[in-house]
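This report refers to the structure that appears directly beneath it.
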Amino acid sequence: MMVHNHHFLLATFPAQGHINPTLQFAKRLICIGAQITIATCLSAQHHMTNIPDGLTFAYFSDGYDDGFKPAEHDIQHYTSELKRRGPKTLTEVVLALANEQRPVTCLVYTLLLPWVAGVARECEYSFVIESFREQFDELVRDEAKIWVLVNTFDALELDALSVIKKFNLIGIGPLLPSAFLDGKDPTDTSFGSDLLSYSKDYIEWLETKEKLSVVYVSFGSLAVLEKHQMEEIARGLIQSGRPFLWVVRKPDGRVKGDEDVYQAVNNLKEEMKESLIVPWCSQVKVLAHHSIGCFVIHCGWNSTLESLVGGVPVVAFPQSSDQGTNAKLIQDVWKTGVRVQVNEKEKIVESEEL
Numbered sequence: 001m002m003v004h005n006h007h008f009l010l011a012t013f014p015a016q017g018h019i020n021p022t023l024q025f026a027k028r029l030i031c032i033g034a035q036i037t038i039a040t041c042l043s044a045q046h047h048m049t050n051i052p053d054g055l056t057f058a059y060f061s062d063g064y065d066d067g068f069k070p071a072e073h074d075i076q077h078y079t080s081e082l083k084r085r086g087p088k089t090l091t092e093v094v095l096a097l098a099n100e101q102r103p104v105t106c107l108v109y110t111l112l113l114p115w116v117a118g119v120a121r122e123c124e125y126s127f128v129i130e131s132f133r134e135q136f137d138e139l140v141r142d143e144a145k146i147w148v149l150v151n152t153f154d155a156l157e158l159d160a161l162s163v164i165k166k167f168n169l170i171g172i173g174p175l176l177p178s179a180f181l182d183g184k185d186p187t188d189t190s191f192g193s194d195l196l197s198y199s200k201d202y203i204e205w206l207e208t209k210e211k212l213s214v215v216y217v218s219f220g221s222l223a224v225l226e227k228h229q230m231e232e233i234a235r236g237l238i239q240s241g242r243p244f245l246w247v248v249r250k251p252d253g254r255v256k257g258d259e260d261v262y263q264a265v266n267n268l269k270e271e272m273k274e275s276l277i278v279p280w281c282s283q284v285k286v287l288a289h290h291s292i293g294c295f296v297i298h299c300g301w302n303s304t305l306e307s308l309v310g311g312v313p314v315v316a317f318p319q320s321s322d323q324g325t326n327a328k329l330i331q332d333v334w335k336t337g338v339r340v341q342v343n344e345k346e347k348i349v350e351s352e353e354l
């Protein structure tokens with residue numbers, strides 16, 4: 001299809017790990033002439049800064065427009081509210097775009113938003129200009145025109161992609177800023193949005209460290225480790241004798257017990273004088289820095305890809321979801337890192353192991 005004649009609506013779950021690759025995919029489409037609108041939950045609106053040129057945002061409701069806080073709200077209720085309110089409010093977004101003479105011609109959605117497929121199928125296309133009506137009708141009838149886009153690439157997972165090619169799956173990754181990938185756009189140095197605020201002194205701090213000397217530690221934007229586990233990680237890092245940059249999110253009331261976890265790490269600061277703790281950072285910039293020699297990683301897929309592109313060996317410390325599988329790939333298939341061993345009796349990774 002002629003991309004410049006199409007308006008893509010990219011619907012994404014309002015988590016950093018979903019928004020980042022969506023933004024990068026949007027940039028690539030913009031570069032080849034497509035019109036792009038990204039739709040996500042209203043609660044993420046005030047975090048949308050540094051928006052790339054040519055990109056607009058629209059918002060739908062998940063029932064928690066002021067933000068979902070796991071410490072106060074029930075995750076099952078959140079899921080049901082998102083499924084109940086999302087289709088109606090996203091349909092309103094599609095209709096509003098049509099009324100603005102910017103009809104949507106292709107709808108793409110990320111994981112955790114399966115109901116978006118229903119919006120695509122059930123919308124009445126009376127708002128679509130007549131020249132597009134036949135294309136829309138054909139798209140809905142012909143399942144072969146429904147594709148699954150995956151943030152991976154042939155050189156990384158050729159066997160897996162070959163096995164499941166019957167599902168119309170295309171690898172479109174790695175979805176990373178161009179400056180850290182192919183260098184075609186050296187000004188593209190960030191994803192364009194951060195749901196968490198970060199300090200800006202960590203790059204300056206890294207500049208004071210020797211090549212390949214720093215251990216970088218981050219467990220992503222969602223994982224919450226127990227207080228005892230965080231203390232063991234802190235002790236292990238201190239005992240390593242290496243300077244480290246550790247991302248420890250500041251307590252914000254979203255997660256029950258996060259203040260205790262933060263304080264537990266803070267209590268050991270005196271023993272971390274040669275290291276730096278930050279609430280958040282630009283991970284792609286950190287991994288591209290010459291001082292980084294190792295990455296202690298929760299094995300989220302975005303972080304896993306970023307470590308591969310950056311050529312940084314990892315210590316795999318999986319937490320949930322697909323992270324155990326990713327850890328196995330890291331250690332046994334790609335051989336780009338090692339996986340920590342859990343003390344099964346205590347259900348913890350001890351400092352000596354790390």
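Just so you know, we're using full-length UniProt numbering here: the sequence shown kicks off at 1 and counts up by one. For each residue, glycine too, the CB sits at the ideal point set by N, CA and C. It should be emphasised that the depicted structure is a prediction, and the values quoted were computed from it without experimental measurement.
Nearest residue (CA-CA) to serine 218, options Val315, Gly324, Asp188, Asp65:
One-based indexing of the sequence shown puts residue 218 at position 218. That would be Val315, whose Cα lies nearest to the Cα of serine 218.
Could you say which of Val296, Tyr59, His290 lies nearest to glycine 220 if we only look at CA atoms?
As a first step, residue 220 is located in the sequence shown; it is residue number 220 there, counting from the start. That would be Val296, whose Cα lies nearest to the Cα of glycine 220.
Exposed or buried, which one is histidine 18 when buried takes at least 16 other CB atoms within 10 Å?
Counted from its first residue, the sequence shown places residue 18 at position 18. With 16 or more Cβ atoms within 10 Å of its Cβ, histidine 18 is classed as buried.
Roughly how many angstroms lie between the CA atoms of glutamate 138 and tyrosine 64, to the nearest whole one?
Against the sequence shown, residue 138 aligns to sequence position 138. Against the sequence shown, residue 64 aligns to sequence position 64. Note that glutamate 138 has pLDDT 47, beneath the 50 cutoff, so the model's placement of it is unreliable and the number below is only indicative. Straight-line Cα distance between these residues: approximately 36 Å.
Can you give me the C-alpha to C-alpha distance between glutamate 232 and leucine 82, rounded to a whole angstrom?
The residue given as residue 232 occupies position 232 in the sequence shown. The residue given as residue 82 occupies position 82 in the sequence shown. Roughly 37 Å between the two C-alpha positions.
Output the distance between the C-alpha atoms of valine 128 and proline 103, rounded to the nearest integer angstrom.
Here residue 128 is taken as the residue at index 128 of the sequence shown, counted from 1. Here residue 103 is taken as the residue at index 103 of the sequence shown, counted from 1. At valine 128, the pLDDT of 40 sits below 50, so the modelled position is not reliable; the number obtained from the coordinates is stated separately. Going by the C-alpha atoms only, they are around 6 Å apart.
Report yes or no: do the segment 266–279 and the segment 315–330 share at least 3 C-beta pairs separated by less than 8 Å?
no
Could you name the residues of the same chain whose beta carbon sits closer than 6 Å to that of glutamine 45, not counting the 5 residues immediately before and after it, in chain order?
Mapped onto the sequence shown, residue 45 falls at position 45. Excluding residues within five positions, the ones whose Cβ falls inside 6 Å are Tyr59.
Assuming arginine 339 is part of the beta strand (DSSP E), what are its boundary residues?
Against the sequence shown, residue 339 aligns to sequence position 339. Where arginine 339 is concerned, the enclosing beta strand (DSSP E) stretches over 337–339.
Do you know whose CA, among Gly236, Val340, Asp201, Leu23, lies nearest tyrosine 109's CA?
Working through the sequence shown from its first residue, we reach residue 109 at position 109. Taking only the C-alpha atoms, the option nearest tyrosine 109 is Leu23.
Alpha-carbon to alpha-carbon, alanine 34 and aspartate 182:
For this step, residue 182 is matched to residue 182 along the sequence shown. For this step, residue 34 is matched to residue 34 along the sequence shown. Going by the C-alpha atoms only, they are around 21 Å apart.
Is proline 177 near phenylalanine 167, with beta carbons less than 8 Å apart?
Working through the sequence shown from its first residue, we reach residue 177 at position 177. Working through the sequence shown from its first residue, we reach residue 167 at position 167. Result no, Cβ atoms of proline 177 and phenylalanine 167 do not sit closer than 8 Å.
Host alpha helix (DSSP H) of glycine 173 (start-end):
What you label residue 173 is simply residue 173 of the sequence shown in a count that begins at 1. No alpha helix (DSSP H) holds glycine 173; DSSP gives it neither H nor E.
Out of curiosity, what's the CA-to-CA distance linking proline 52 and glutamate 122?
As a position in the sequence shown, residue 52 is number 52, starting the count at 1. As a position in the sequence shown, residue 122 is number 122, starting the count at 1. Each residue's Cα considered, the two are about 31 Å apart.
Considering only their Cβ atoms, is the gap separating valine 119 from threonine 79 smaller than 8 Å?
Numbered from 1 along the sequence shown, position 79 holds the residue referred to as residue 79. Numbered from 1 along the sequence shown, position 119 holds the residue referred to as residue 119. The answer is no: Cβ separation not under 8 Å.
Residue burial classification, isoleucine 36 (beta-carbon count within 10 angstroms, cutoff 16):
Along the sequence shown, read from residue 1 onward, the residue named residue 36 stands at position 36. The residue is buried, with at least 16 neighbouring Cβ atoms inside 10 Å.
Got a sec? Which residues, its chain only, sit under 8 Å from asparagine 343 by beta carbon, not counting five neighbours each side?
Locating residue 343 in the sequence shown gives position 343, counting from the first residue. Excluding positions up to five away in sequence, the list reads Val349, Glu350, Glu353.
Best match in Leu329, Leu55, Lys335, Ile292 for proximity to glutamate 210 [C-alpha to C-alpha]:
Position 210 of the sequence shown, counting from 1, holds the residue named residue 210. Of Leu329, Leu55, Lys335, Ile292, the residue nearest in Cα terms is Ile292.
What's the gap between the Cα of lysine 99 and the Cα of phenylalanine 13?
Counting from one through the sequence shown, the residue named residue 99 turns up at place 99. Counting from one through the sequence shown, the residue named residue 13 turns up at place 13. Sequence check: residue 99 is asparagine here, not lysine. Those two C-alpha atoms are separated by around 25 Å.
Since methionine 230 and valine 261 should fall inside the 8 Å C-beta cutoff, what is the C-beta to C-beta distance between them, to a whole number of angstroms?
The count along the sequence shown starts at 1 and reaches residue 230 at position 230. The count along the sequence shown starts at 1 and reaches residue 261 at position 261. Right, their Cβ atoms sit about 5 Å apart.
Which of helix, strand or coil DSSP assigns to asparagine 168
Here residue 168 refers to the residue found at position 168 when the sequence shown is read from its first residue. Asparagine 168: coil per DSSP, three-state reduction.
Residues bridged to tryptophan 246 (per DSSP):
Position 246 of the sequence shown holds residue 246. Tryptophan 246 is bridged to Val217, Ile277.
Tell me which residue opens and which closes the alpha helix (DSSP H) that threonine 37 is part of.
By 1-based counting over the sequence shown, the position of residue 37 is 37. Premise fails: threonine 37 lies in the beta strand (DSSP E), 35–41, not in any alpha helix (DSSP H).
Using C-beta distances below 7 Å, list every residue in its chain close to threonine 56, excluding the 5 sequence neighbours before and after it, in chain order.
Taking the sequence shown and counting its residues from 1, the one referred to as residue 56 is at position 56. Here the set comprises Thr37.
Which listed residue (Leu287, Gln331, Phe8, Trp115) has its alpha carbon closest to that of valine 215
For the purposes of this step, residue 215 is taken as residue 215 along the sequence shown, with counting starting at 1. It is Leu287.
Which residue comes first and which comes last in the beta strand (DSSP E) that contains histidine 22?
Taking the first residue of the sequence shown as position 1, residue 22 is located at position 22. Residue 22 is actually threonine in this sequence, not histidine. No beta strand (DSSP E) holds threonine 22; the alpha helix (DSSP H) holding it covers 16–31.
Give every residue of the same chain whose Cβ lies closer than 8 Å to the Cβ of glutamate 157, excluding the five residues on either side of it in the sequence, and list them in chain order.
Within the sequence shown, numbered from 1, the residue matching residue 157 stands at position 157. Here the set comprises Gly171.
Host alpha helix (DSSP H) of histidine 228 (start-end)
Taking the sequence shown and counting its residues from 1, the one referred to as residue 228 is at position 228. 227–240 is the span of the alpha helix (DSSP H), which, as asked, contains histidine 228.
Go to tyrosine 109, then tell me how far its beta strand (DSSP E) extends in each direction, as first and last residue.
By one-based count along the sequence shown, residue 109 stands at place 109. Here the beta strand (DSSP E) through tyrosine 109 covers 106–109.
Burial state of asparagine 266 (16 or more Cβ within 10 Å):
Working through the sequence shown from its first residue, we reach residue 266 at position 266. It is exposed - the Cβ of asparagine 266 has fewer than 16 other Cβ atoms within 10 Å.
Please go through the segment 301–354 and give each complete beta strand (DSSP E) segment of 3 or more residues, from N-terminal end onward.
314–316, 337–339
Run through DSSP, which three-state label would tyrosine 64 get?
Position 64 of the sequence shown, counted from the first residue, corresponds to residue 64. It is coil, neither helix nor strand.
Ignoring anything shorter than 4 residues or poking outside the segment 75–114, list the alpha helix (DSSP H) runs there in chain order.
75–99
The beta strand (DSSP E) that contains leucine 149, what's its start and end?
Start at 1 with the first residue of the sequence shown, and residue 149 comes out as number 149. Per DSSP, leucine 149 belongs to the beta strand (DSSP E) from 148–150.
Alpha carbon of proline 243 to alpha carbon of serine 199, nearest angstrom
Taking the first residue of the sequence shown as 1, we reach residue 243 at position 243. Taking the first residue of the sequence shown as 1, we reach residue 199 at position 199. Roughly 18 Å between the two C-alpha positions.
Closest residue to aspartate 185 among Lys27, Cys281, Leu10 (Cα-Cα distance):
The residue given as residue 185 occupies position 185 in the sequence shown. When only C-alpha atoms are compared, the closest one is Lys27.
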